[in-house]
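**Q**
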Amino acid sequence: MSSFRSSLLFMIFMSLVVLGSSQLTNSTEAAEPLKLKTVKVNILSAFSTPQERELLYSFKRTLLNNYSISVDENLIFWERQSNWQQQLEGNQPDLIIVIGSRSYQKVASLELNTPMLALMLNKSQFENLKEKPKDNVYAITHSQPIVRFIQLAKSLNAYQAQVGSFISPKTKNNIQQFSKLASFYNLSYRPIMVDPKLTGRDALKQLENCCSVMIMESDCVFRPGKVRKSILINAYRQRMVVIAHSESVLKEGAMLTLSTRPHDIGEQAAKLYQQLLSDELQEPYQFPDSFAISINRKVARLLGYEELTVGRLMQKVEALQYIHHMMINRNNQTP
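Right, dumping it as structure tokens:
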């Protein structure tokens, strides 16, 4: 009796094993392999740089890993290839990526049938696109929005902080935005009207007692050079915190900078393109989603901010961003 029971249990066990194996085989056969979509992308730039390679690697990897899109790229360097214009649409690409402000200038007047994504545009080009949108043209700038500079200034917790910025005839439209945002965060704002053609003399004269935090959000007023370096040195002598837009300005004497890594621009570009493909794109011209803060430790120590940390500043700025975003959404929903 016991041997019969053992045999019966063994037969039942084997039947279950065979049944499970059959179901596993059927489910495996039913599962289709993941299909990759391949897109042809022509990439226009002056020449290859480490920053460009980092951006493109991030763009391709994000499309592949997150959206199952493979990129068949074609690099076009307009400084080396005289026929670059013929190559732009010669292979019937799905997308044209233009990297850098000079590269965008090359194609800005061309009539292209292919969607174009311009990356790493300077602020003036980006603002022009926002004011006068172009069909089939999309852009991500590496410049930071003004609100982010104001939020960083607020995060310093400086007593009775007065924020200032240089305003030239070309950037006078920024005054209203600076004033509105500074008021939102209970900061006072003073525009410093300058004419860059005067080699910075008028700027140096106005530095004394103008503000406690100076924001240099772009190169639009003072480009890299002796004049800007002289302004930064004098700002330090006036015990003024300078928040700038590039780590290169950090070396010139700024205490803090806001910037975005090429890797993050690549990720954001991949997301934008995926939204374009799926007809979900709402904002064709975008500021960077992510950002990094850098500190000139020597200047920070001499100005009394020796305990300042990047982590703490990031937390404060992100918290202020969240509050600002919630307030805007609430106002937009108010009938």
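All the letters of the sequence shown, read from the start, carry residue numbers -30 to -1, 1 to 305 under mature numbering (1 follows the signal peptide of the UniProt record, and there is no 0). Positions of the beta carbon are idealized from the N, C-alpha and C atoms, including for glycine.
Using a threshold of 9 Å, state whether the C-beta atoms of residue 250 and residue 214 are closer than that.
**A** Cβ atoms of residue 250 and residue 214: not closer than 9 Å.
**Q** Using DSSP with H/G/I as helix, E/B as strand and the rest coil, what is residue 161?
**A** Residue 161: strand per DSSP, three-state reduction.
**Q** Specify the secondary structure class of residue 98 as computed by DSSP and reduced to three states.
**A** Of the three classes helix, strand and coil, the one that applies to residue 98 here is helix, per DSSP.
**Q** In whole angstroms, give me the CA-to-CA distance for residue 6 and residue 141.
**A** In a straight line, the C-alpha of residue 6 is about 46 Å away from that of residue 141.
**Q** Can you name, in chain order, every residue of its own chain whose Cβ lies under 7 Å from the Cβ of residue 172, other than the five neighbours on each side?
**A** Correct list, in chain order: 164 and 165.
**Q** Considering residue 218, what are the terminal residues of the alpha helix (DSSP H) in which it resides?
**A** Where residue 218 is concerned, the enclosing alpha helix (DSSP H) stretches over 217 to 222.
**Q** So what does DSSP say about residue 141, is it helix, strand or coil?
**A** Helix.
**Q** Thinking C-alpha only, which one of 267, 234 and 68 is nearest residue 15?
**A** Answer by Cα proximity: 68.
**Q** According to the neighbour-count rule (16 or more other Cβ atoms, all chains shown, within 10 Å of its Cβ), is residue 80 buried or exposed?
**A** Looking at its Cβ environment, which holds fewer than 16 other Cβ atoms inside 10 Å, residue 80 is exposed.
**Q** What are the boundary residues of the alpha helix (DSSP H) that residue 234 is part of?
**A** Looking at the DSSP string, the run of the alpha helix (DSSP H) that includes residue 234 is 232 to 247.
**Q** Do you know offhand how far residue 301's Cα is from residue 116's?
**A** Each residue's alpha carbon lies about 20 Å from the other.
**Q** Using the Cα positions of residue 25 and residue 203, report the straight-line distance between them to the nearest angstrom.
**A** Approximately 33 Å between the Cα atoms of the pair.
**Q** Kindly indicate the opening and closing residues of the beta strand (DSSP E) around residue 108.
**A** Residues 107 to 111.
**Q** So what does DSSP say about residue 256, is it helix, strand or coil?
**A** Strand.
**Q** Mapping the DSSP letters down to three states, classify residue 281 as helix, strand or coil.
**A** Helix at residue 281.
**Q** When the Cα atoms are used, what is the spatial distance from residue 298 to residue 99?
**A** Using only the alpha carbons, I get a separation of about 23 Å.
**Q** Can you grab the Cα-Cα spacing for the pair residue 147 / residue 264, in whole Å?
**A** Each residue's alpha carbon lies about 24 Å from the other.
**Q** When you compare only the Cα positions, how much space is there between residue 84 and residue 108?
**A** Going from the Cα of residue 84 to the Cα of residue 108 covers about 11 Å.
**Q** Can you tell me whether residue 260 is buried or exposed? The criterion is at least 16 other CB atoms within 10 Å of its CB, across all chains shown.
**A** Label assigned to residue 260: exposed.
**Q** In chain order, what residues of the same chain lie with their CB nearer than 6 Å to the CB of residue 275, ignoring the 5 residues before and after it?
**A** Around residue 275: no qualifying Cβ.
**Q** Please say whether residue 61 and residue 12 have beta carbons closer to each other than 9 Å?
**A** Yes, they are a contact pair.
**Q** For residue 273, which residues of its own chain have a beta-carbon under 7 Å away from its beta-carbon, when the five flanking residues on both sides are left out?
**A** Excluding sequence neighbours, residue 273 sits near 209, 211 and 225.
**Q** Ignore the nearest five residues each way along the sequence and tell me which others in residue 50's own chain have a CB closer than 8 Å to its CB.
**A** Here the set comprises 17.
**Q** Are there 16 or more other CB atoms within 10 angstroms of the CB of residue 184, so buried, or fewer, so exposed?
**A** Per the 10 Å Cβ criterion, buried.
**Q** Quick check on the DSSP output: the alpha helix (DSSP H) that includes residue 35 runs from which residue to which?
**A** Here the alpha helix (DSSP H) through residue 35 covers 20 to 37.
**Q** So what does DSSP say about residue 10, is it helix, strand or coil?
**A** In the structure shown, residue 10 sits in a strand (DSSP, three-state: E or B).
**Q** From this set, 267, 262, 269 and 234, which residue's C-alpha is nearest residue 256's C-alpha?
**A** Selected option, being the one with the closest Cα: 234.
**Q** Where does the unbroken alpha helix (DSSP H) through residue 125 begin, and where does it stop?
**A** Residues 116 to 125.
**Q** Between which two residues does the beta strand (DSSP E) carrying residue 229 extend?
**A** Residues 226 to 229.
**Q** Applying the 10 Å Cβ sphere with the 16-neighbour rule, what's the burial state of residue 123?
**A** It counts as buried.
**Q** Name the two residues that bound the continuous alpha helix (DSSP H) containing residue 183.
**A** Taken as a continuous stretch (DSSP letters only), residue 183 belongs to no alpha helix (DSSP H), being part of the beta strand (DSSP E) at 183 to 186.
**Q** Within its chain, find whatever has a CB closer than 7 Å to the CB of residue 112; leave out the 5 residues flanking it on each side and keep chain order.
**A** So the qualifying residues of the chain are 90, 230, 235 and 258.
**Q** Please classify residue 194 as buried or exposed, where buried requires at least 16 other C-beta atoms within 10 Å of its C-beta.
**A** When all chains shown are included, residue 194 counts as exposed.
**Q** Considering residue 197, what are the terminal residues of the alpha helix (DSSP H) in which it resides?
**A** Its alpha helix (DSSP H) spans residues 196 to 207.
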